[in-house]
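Visitor:
In the working numbering, the protein residues as written are 1 to 314.
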């Protein structure tokens with residue numbers, strides 16, 4: 001037991017050192033860039049809280065979380081984004097049978113901390129590229145991992161945007177240990193008349209995920225498509241989305257959301273409402289529901305997610 005604790009402490013230390021090294025690299029990269037240029041510095045903070053209710057699952061009951069996302073704009077050509085989040089998944093006690101003998105599992109909480117950093121550069125006209133890091137530190141050792149990512153976007157302000165994103169995830173403590181490569185392509189465009197409060201933004205995307213080895217799903221390749229539509233009306237922004245297909249250990253929201261549990265997600269839909277309270281603050285409400293399949297089970301439980309987020313610009 002003592003040897004096991006020592007190994008876990010060493011492993012935790014290695015993970016923490018990796019996170020600190022990644023933070024240092026991103027910060028040094030931003031600082032080492034040429035003069036930030038005209039435009040000054042802008043900082044915005046986005047505190048948020050989330051709740052996930054599971055129905056139809058064998059073990060999971062709920063997931064409570066929260067965190068802070070921050071955006072630092074440095075002149076016209078550079079920005080640095082970061083996110084620190086904590087979540088706690090509750091696994092309830094259940095009656096099970098092993099070799100015809102009844103057993104009752106104990107309730108347990110899995111605690112997880114996520115740290116994300118993303119640097120973006122806007123030096124080239126109508127172009128933007130970014131690199132980032134996402135670290136997952138979990139009390140459930142097999143689901144701890146790291147993600148490094150990057151992307152390139154071509155855009156015209158208030159017209160269209162086309163981009164490609166690449167993510168590489170590594171789960172060294174999973175059985176079997178594996179890595180996942182994800183490529184996501186997105187195209188979006190504005191339409192409507194802004195002067196008549198009829199402005200829309202439609203976005204279509206697709207993702208392809210390939211695992212280095214079969215992690216227990218009976219497949220190593222997963223594909224999905226996503227469609228969303230935003231409507232802008234005065235101080236309100238309303239969005240609806242739907243996606244279909246299959247995802248396993250996927251990355252979403254530009255690297256800030258990672259699905260690191262052994263589940264095959266099979267589609268979701270949802271929406272959000274953002275209210276601008278004044279030029280420097282806003283409030284956003286989000287709700288979504290998705291279907292997924294837990295590894296080793298045959299059911300298709302649902303996860304309903306609620307998110308409340310505030311925004312403050314200093």
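Ideal placement from N, C-alpha and C gives every residue a C-beta, glycine not left out. These numbers were taken from a predicted model, which means no experiment stands behind them.
Rounded to whole angstroms, what is the Cα-Cα separation between residue 289 and residue 224?
Guide: Locating residue 289 in the chain shown gives position 289, where the first residue counts as 1. Locating residue 224 in the chain shown gives position 224, where the first residue counts as 1. So the two alpha carbons sit approximately 16 Å from each other.
Visitor: Whose C-beta lies closer than 8 Å to the C-beta of residue 300 among residues of the same chain, with five residues either side of it excluded?
Guide: Looking up residue 300 in the chain shown gives position 300. Result list for residue 300: 56, 266, 291, 292 and 293, in chain order.
Visitor: Return helix, strand or coil for residue 47, following the three-state DSSP convention.
Guide: The residue labelled residue 47 in the question sits at position 47 within the chain shown. Three-state DSSP puts residue 47 in a strand.
Visitor: Measure the CB-CB distance between residue 52 and residue 297 and report whether it falls below 8 Å.
Guide: What you label residue 52 is simply residue 52 of the chain shown in a count that begins at 1. What you label residue 297 is simply residue 297 of the chain shown in a count that begins at 1. Contact: no.
Visitor: Go ahead and label residue 141 buried or exposed: buried means 16 or more other beta carbons lie within 10 angstroms of its beta carbon, across all protein chains shown.
Guide: The sequence position of residue 141 within the chain shown is 141, counting from 1. Answer is exposed; the Cβ neighbour count stays below 16.
Visitor: Between residue 298 and the ligand ADP, is the CB less than 7 Å from at least one heavy atom?
Guide: This structure does not include the ligand ADP; it has no bound ligands of any sort.
Visitor: DSSP three-state label for residue 255, please.
Guide: Residue 255 sits at position 255 when you count from the first residue of the chain shown. Reduced to three states, the DSSP call for residue 255 is helix.
Visitor: What do you get for residue 167, buried or exposed, if any count of 16 or more other CB atoms within 10 angstroms of its CB means buried?
Guide: Taking the first residue of the chain shown as position 1, residue 167 is located at position 167. By the 10 Å Cβ count, residue 167 comes out buried.
Visitor: Tell me which residues share the same chain as residue 212 and place their Cβ nearer than 6 Å to its Cβ, disregarding the 5 neighbours each side in the sequence.
Guide: Numbered from its first residue, the chain shown carries residue 212 at position 212. Around residue 212: 178 and 179.
Visitor: With a threshold of 16 other CB atoms inside 10 Å of the CB of residue 233, please say whether the residue is buried or exposed.
Guide: Against the chain shown, residue 233 aligns to sequence position 233. It counts as exposed.
Visitor: When you compare each of 197, 302 and 78 to residue 59 by their alpha carbons, which one comes out closest?
Guide: Sequence index remark: in the chain shown, residue 59 carries index 59 (1-based). Of 197, 302 and 78, the residue nearest in Cα terms is 302.
Visitor: Looking only at C-alpha atoms, which of 126, 286 and 255 sits nearest to residue 133?
Guide: Along the chain shown, one-based indexing puts residue 133 at 133. Nearest option by C-alpha distance: 255.
Visitor: Tell me, to the nearest whole angstrom, how far the beta carbon of residue 148 is from that of residue 112; I am working on the premise that it is less than 8 Å.
Guide: Indexing the chain shown from 1 puts residue 148 at position 148. Indexing the chain shown from 1 puts residue 112 at position 112. Not really, about 19 Å apart at Cβ, beyond 8 Å.
Visitor: To test your reading of the DSSP string, which unbroken alpha helix (DSSP H) runs of 4 or more residues are found completely within the stretch 217-301?
Guide: Here no run is fully enclosed.
Visitor: Measuring CB to CB, does residue 187 end up less than 8 Å from residue 200?
Guide: Here residue 187 is taken as the residue at index 187 of the chain shown, counted from 1. Here residue 200 is taken as the residue at index 200 of the chain shown, counted from 1. Against a cut-off of 8 Å, the Cβ pair of residue 200 and residue 187 comes out as no contact.
Visitor: If we call anything under 8 Å between Cβ atoms a contact, is residue 70 one with residue 107?
Guide: Indexing the chain shown from 1 puts residue 70 at position 70. Indexing the chain shown from 1 puts residue 107 at position 107. Contact: no.
Visitor: Whole angstroms are fine: how far does the CA of residue 246 sit from the CA of residue 82?
Guide: Taking the chain shown and counting its residues from 1, the one referred to as residue 82 is at position 82. Taking the chain shown and counting its residues from 1, the one referred to as residue 246 is at position 246. Their Cα atoms are separated by approximately 28 Å.
Visitor: Comparing alpha-carbon positions, which option in 214, 210 and 229 lies nearest residue 221?
Guide: Along the chain shown, read from residue 1 onward, the residue named residue 221 stands at position 221. The shortest Cα separation from residue 221 among 214, 210 and 229 belongs to 210.
Visitor: Please go through the same chain and pick out, in chain order, the residues whose beta-carbon is closer than 8 Å to the beta-carbon of residue 192, but skip the five residues on each side of it.
Guide: Here residue 192 refers to the residue found at position 192 of the chain shown. Closer than 8 Å at Cβ, skipping near neighbours: 198, 199 and 200.
Visitor: From 295, 277 and 237, pick the residue whose C-alpha is nearest to that of residue 286; which is it?
Guide: Along the chain shown, one-based indexing puts residue 286 at 286. Among 295, 277 and 237, the Cα nearest to that of residue 286 is on 237.
Visitor: In its own chain, which residues sit with a C-beta less than 8 Å from the C-beta of residue 216, not counting the 5 before and 5 after it?
Guide: One-based indexing of the chain shown puts residue 216 at position 216. Here the set comprises 262, 295 and 296.
Visitor: Going by beta carbon distance, what residues of the same chain come within less than 8 Å of residue 41, once the five residues before and after it are set aside?
Guide: Counted from its first residue, the chain shown places residue 41 at position 41. If we look at residue 41 and ignore the five residues flanking it on each side, its Cβ neighbours are 72, 73, 74 and 75.
Visitor: Kindly give me the distance between the Cβ atoms of residue 251 and residue 169, rounded to whole angstroms, as I take these residues to be in contact under 8 Å.
Guide: On the chain shown, position 251 is the one that residue 251 refers to. On the chain shown, position 169 is the one that residue 169 refers to. About 7 Å separates the two Cβ atoms, so the contact holds.
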